[in-house]
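A quick write-up on the structure given underneath.
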Amino acid sequence: MMPLLRHQSVFFLIMRRMRAPLILLIAIIAISVMGLTLAPGVDENGKTVYLSFFHALYFISYTATTIGFGEIPYAFSDQQRLWVLACIYLSVIGWAYTVGTVFALLADRNLQQAIRTQSFMRAVRNLREPFYLVCGFGETGRLICDALDRLGFRAVVIELDDTKVGEIELYGYHADIPALCADARNPENLKFAGLTHRSCIGVIALTNDDSANLAIAIAARLLAPKIPALCRAESAETAANMASFGTRHIINPFEKFSEYLALALHAPAAWHLLTWLTGVPGTTMERQRDPPHGEWILCGHGRFGRMLAHVLEREGVPLTIIDRNAPPPAPSARWVQGEGTGAPALEAAGVRRAAGIVAATANDVDNLSTVVTARELNPKLFVILRQNHFANNSLFEAFDYDVNVVPSRIIAHECLAILTTPLLVPFLEDMKRHDEDWCDRLLGRLTDRFGWEVPTVWSERINVSRAPALYRKLMKGVTIELRSLLKSPSNRDDALACDILLLRREDDDHLLIPEGDTELRAGDELLLVGTAEAQREFGLLISNDHALVYVLTGTDLPGGWIWERLSRNRAERSETA
């Protein structure tokens, strides 16, 4: 992919390609006009006359453009008509050459690329609201853009595949997504896409090429060090390289799922809570059965398989690995060399007595064949099924698996948790430190109230920009407890459909699931979970003085400056009386 052309080059590219036909046209017109002024004519009195330069240019102009008004200012002589006849054929040749060049220029990929680049740069330059720069519009990028659009955030996309760029307009996003076909490894392309734009609030590198993601991470670190960069890395070497450049968020989908599986094995409730809170908004989760203890079978010992094997062995799970390759020297787990898609290898691995199986190869068809055969041999198996391509989703949905590992979804969930709700990450880390009973009680309480539909999770900081009404009250010394805020601004007798999961203070430890009598302070950050309607109502009462006073005291203040002034004067007179 060639580097993007600067917007000034569009004009110069057109002029460079049209130089020869324009020179030819100018030469034909100049020769035609000069010859017509030299050819003798005859007026109505029979005198010899010559056309002026203006009349000659006027005649050649409408003749060469095939308009043809007639002969002026009098009928031409034979010499003039002979010259005009030659000029007509010359102009036809010149225009044919020019028109052919114009059509070839319009079909030129360089010009089309330059025009698209200019249009893209103008759209990015005119963005005024905050946006995320998404590098790569594959399965993960599409999920990210879908979620950002649903949450009301803008996105700018840079993608190497021109076909995927053209598909963006087919998804019907609420807001237009500027997109360009270019190589994101080129830092100039990233700058064109808005990396250094004042409204860019995050960079998400989601290509399937680790070297490209590393280049994006380096460019983001050097050109825009203040904005967060989330980068996909599927190898430990790339992740270590990104970390050395100070990349704050590195996401390895295989490593992340391995952590989830380890959590599910020793704390299933915490696992269910994590997957519910980090799901894509608008989707519905179902409580899956807990991973059973016992012998497990792992089919495929590639990059993903090795991570899972390490986790299962660390958790003390008896493991048998099925792989077509020969076992390494002194394997740490029992090894069966063969194809996991066939019954002989599964039987040799002890599928009939196994508690669970993981199909972890890079081939979707092989993974489906493995689990279908395994379920026929042992219908009670707990099945973890890796899905590599979203295009095969209908096949996977037709099978009754327990857990579906989709790397694109894992990355999307992690990115959304980090970008849109930064407090969610420390909450999940604190949650993992609690015992299973605590997580189970919290999961039951939240799902009983909100159901298994993925809730809205958001954070609020009590400052003058995010919560002006609440901030002013606190700065005046008013004591406000958490429970006082969880009321509806339309009817304070009704509770808001939300809960507070975490309260973070600069000079204190995090308060996980804070009590209702906790007093708020200016500068506090709150992590909330609930419905989208509760998010809007909570935002109203912390930013609107009338709504906040009503929720806290039950007093419905009059609206407007005049009525507020009259009610204040009336209150002062009653106090003095």
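Residue numbers for the sequence shown follow the working numbering, beginning at 1042 and rising by one. All residues carry an ideal CB built from backbone N, CA and C; glycine is no exception. Computed from a predicted model, the values in this text were never measured in an experiment.
Selected residue, minimal CA-CA separation from Leu1315, among Lys1473, Ala1137 and Phe1431: By 1-based counting over the sequence shown, the position of residue 1315 is 274. Nearest option by C-alpha distance: Lys1473.
Can you confirm whether the stretch 1098-1108 touches the stretch 1129-1138 when touching is taken to mean that 3 or more C-beta pairs between the two stretches lie within less than 8 Å? With a cut-off of 8 Å, the stretch 1098-1108 and the stretch 1129-1138 count as touching, because enough Cβ pairs lie within range.
Residue burial classification, Lys1088 (beta-carbon count within 10 angstroms, cutoff 16): Locating residue 1088 in the sequence shown gives position 47, where the first residue counts as 1. With fewer than 16 Cβ atoms within 10 Å of its Cβ, Lys1088 is classed as exposed.
State buried or exposed for Leu1607, treating a residue as buried only when at least 16 other CB atoms are found within 10 Å of its CB. Translated into positions along the sequence shown, residue 1607 becomes position 566. At Leu1607, the pLDDT of 46 sits below 50, so the modelled position is not reliable; the number obtained from the coordinates is stated separately. The residue is exposed, with fewer than 16 neighbouring Cβ atoms inside 10 Å.
Cβ pair Ala1401, Gly1335 closer than 8 Å: On the sequence shown, residue 1401 is found 360 positions in, with the first residue counted as 1. On the sequence shown, residue 1335 is found 294 positions in, with the first residue counted as 1. It is not a contact, given that the beta carbons lie outside the stated cut-off.
Hey, would you say Asp1190 sits closer than 8 Å to Ala1164, going by beta carbons? Position 149 of the sequence shown holds residue 1190. Position 123 of the sequence shown holds residue 1164. No, Cβ-Cβ distance for Asp1190 and Ala1164 is not below 8 Å.
Can you tell me the Cα-Cα spacing of Ile1055 and Ser1506, whole angstroms? Indexing the sequence shown from 1 puts residue 1055 at position 14. Indexing the sequence shown from 1 puts residue 1506 at position 465. Each residue's alpha carbon lies about 49 Å from the other.
Can you check DSSP and say which residues form a bridge with Asn1445? Stepping through the sequence shown from its first residue, residue 1445 is reached at position 404. Leu1426, per the DSSP bridge assignment.
Distance, Cα to Cα, Gly1343 vs Tyr1512? Taking the first residue of the sequence shown as 1, we reach residue 1343 at position 302. Taking the first residue of the sequence shown as 1, we reach residue 1512 at position 471. Cα-Cα distance, rounded: 54 Å.
Quick one: using the 10 Å Cβ neighbour count with 16 as the cut-off for buried, is Thr1181 buried or exposed? For the purposes of this step, residue 1181 is identified with residue 140 of the sequence shown, where counting begins at 1. Buried, because 16 or more other Cβ atoms sit within 10 Å of the Cβ of Thr1181.
Closer than 6 Å by C-beta to Asp1364: which residues in its own chain qualify, once you throw out the five before and the five after it? Chain order, please. For the purposes of this step, residue 1364 is identified with residue 323 of the sequence shown, where counting begins at 1. Its chain contains His1342 as the residues whose beta carbon lies nearer than 6 Å to that of Asp1364, once the 5 sequence neighbours on both sides are disregarded; these appear in chain order.
For Ser1299, count neighbouring C-beta atoms within 10 Å of its own C-beta (all shown protein chains included) and say buried if the count is 16 or more, exposed if not. Here residue 1299 is taken as the residue at index 258 of the sequence shown, counted from 1. Under this definition Ser1299 is a buried residue.
Suppose you measure from the CA of Phe1423 to the CA of Ser1435; what does that come to, to the nearest Å? As a working note, residue 1423 is residue 382 in the sequence shown. As a working note, residue 1435 is residue 394 in the sequence shown. In a straight line, the C-alpha of Phe1423 is about 21 Å away from that of Ser1435.
Using 10 angstroms around the beta-carbon of Val1413, count the other beta-carbons present and answer buried if the total reaches 16, otherwise exposed. For the purposes of this step, residue 1413 is identified with residue 372 of the sequence shown, where counting begins at 1. Val1413 comes out exposed.
Which two residues bound the contiguous alpha helix (DSSP H) that contains Gly1207? Working through the sequence shown from its first residue, we reach residue 1207 at position 166. Start and end: Asp1203 to Glu1208.
By a C-beta neighbour count over all protein chains shown, 10 Å radius and 16 as the cutoff for buried, is Tyr1442 buried or exposed? For this step, residue 1442 is matched to residue 401 along the sequence shown. Counting other Cβ atoms within 10 Å of its Cβ, Tyr1442 reaches 16 or more and is therefore classed as buried.
Use the C-beta contact count for Ile1603: other C-beta atoms within 10 angstroms, 16 or more gives buried, fewer gives exposed. Within the sequence shown, numbered from 1, the residue matching residue 1603 stands at position 562. For Ile1603, the predicted structure reports a pLDDT of 49, less than 50, and the residue's modelled location is therefore unreliable. A value from the coordinates is still provided. Taking every protein chain shown into account, the CB of Ile1603 has fewer than 16 other CB atoms within 10 angstroms, so this residue is exposed.
Using the Cβ count rule (16 or more neighbours within 10 Å means buried), how would you classify Met1516? Your numbering for residue 1516 matches position 475 in the sequence shown. Met1516 should be labelled exposed.
Kindly provide the ranges of any beta strand (DSSP E) runs that are 3 or more residues long and lie completely inside the stretch 1333-1392, ordered along the chain. Positions of the beta strand (DSSP E) runs, each at least 3 residues long and wholly inside the stretch 1333-1392, are given as 1337-1340, 1360-1364 and 1375-1378 in order along the chain.
Burial state of His1307, where buried means 16 or more other Cβ atoms lie within 10 Å: Numbered from its first residue, the sequence shown carries residue 1307 at position 266. It counts as exposed.
Which of the three DSSP states, helix, strand or coil, is assigned to Trp1499? If you number the sequence shown from 1, residue 1499 lands on position 458. DSSP places Trp1499 within a strand segment (E or B) once states are collapsed to three.
Rounded to whole angstroms, what is the Cα-Cα separation between Leu1045 and Asp1405? Taking the sequence shown and counting its residues from 1, one reaches residue 1045 at position 4. Taking the sequence shown and counting its residues from 1, one reaches residue 1405 at position 364. Legend: pLDDT at Leu1045 = 44, less than 50; position of this residue unreliable, no value from coordinates given.
Exposed unless 16 or more other CB atoms sit within 10 angstroms - verdict on Phe1053: In the sequence shown, the residue the question calls residue 1053 occupies position 12. Flag for Phe1053 reads exposed.
For Ala1277 and Asn1167, the rounded distance between their alpha carbons: Taking the first residue of the sequence shown as position 1, residue 1167 is located at position 126. Taking the first residue of the sequence shown as position 1, residue 1277 is located at position 236. Here the alpha carbon of Asn1167 sits roughly 39 Å from the alpha carbon of Ala1277.
Please state whether DSSP places Arg1262 in a helix, a strand or coil. Within the sequence shown, the letter at position 221 stands for residue 1262. Here Arg1262 sits in helix by DSSP.
Straight-line Cα distance separating Leu1302 from Trp1312: Reading the sequence shown from its first residue, position 271 is the one you call residue 1312. Reading the sequence shown from its first residue, position 261 is the one you call residue 1302. For Trp1312 and Leu1302, the distance between alpha carbons rounds to 8 Å.
Based on DSSP bridge pairs, tell me the residues matched to Tyr1512. Working through the sequence shown from its first residue, we reach residue 1512 at position 471. Note: Tyr1512 sits in no beta bridge, so no partner.
Is the CB of Ala1253 under 8 Å away from at least one CB in chain C? No chain C is present in this structure, which holds just one protein chain.
Rounded C-beta distance between Gly1571 and Ala1538? I'm assuming under 8 Å. On the sequence shown, position 530 is the one that residue 1571 refers to. On the sequence shown, position 497 is the one that residue 1538 refers to. Yes, they are in contact, since the Cβ atoms of Gly1571 and Ala1538 sit about 5 Å apart, within 8 Å.
Is there contact here, the stretch 1238-1252 with the stretch 1263-1271, by at least three beta-carbon pairs under 8 Å? Touching, per the Cβ criterion.
Could you spell out where the alpha helix (DSSP H) holding Phe1702 opens and where it closes? Residue 1702 is absent from the structure shown; the chain starts at 1042 and stops at 1618.
What residue range does the beta strand (DSSP E) around Phe1172 cover? Here residue 1172 corresponds to residue number 131 of the sequence shown, with the count starting at 1. Phe1172 -> beta strand (DSSP E) spans Phe1172 to Cys1176.
I'd like to check one pair, Arg1545 with Leu1426: are the Cβ atoms closer than 8 Å? Your numbering for residue 1426 matches position 385 in the sequence shown. Your numbering for residue 1545 matches position 504 in the sequence shown. Taking C-beta atoms as the reference points, Leu1426 and Arg1545 fail to come closer than 8 Å.
Please specify which runs of the beta strand (DSSP E), each continuous and at least 3 residues long, are wholly inside the stretch 1537-1608, giving them in chain order. Runs of the beta strand (DSSP E) lying entirely within the stretch 1537-1608 and spanning at least 3 residues, in chain order: 1539-1545 and 1566-1571.
What does DSSP give as the partner residue(s) for Lys1528 in the beta ladder? Here the question's residue 1528 lines up with position 487 in the sequence shown. Per DSSP, Ala1536.
Thr1520 in three-state terms, based on DSSP: The count along the sequence shown starts at 1 and reaches residue 1520 at position 479. DSSP, reduced to helix, strand and coil, places Thr1520 outside both helices and strands of the structure shown, so it counts as coil.
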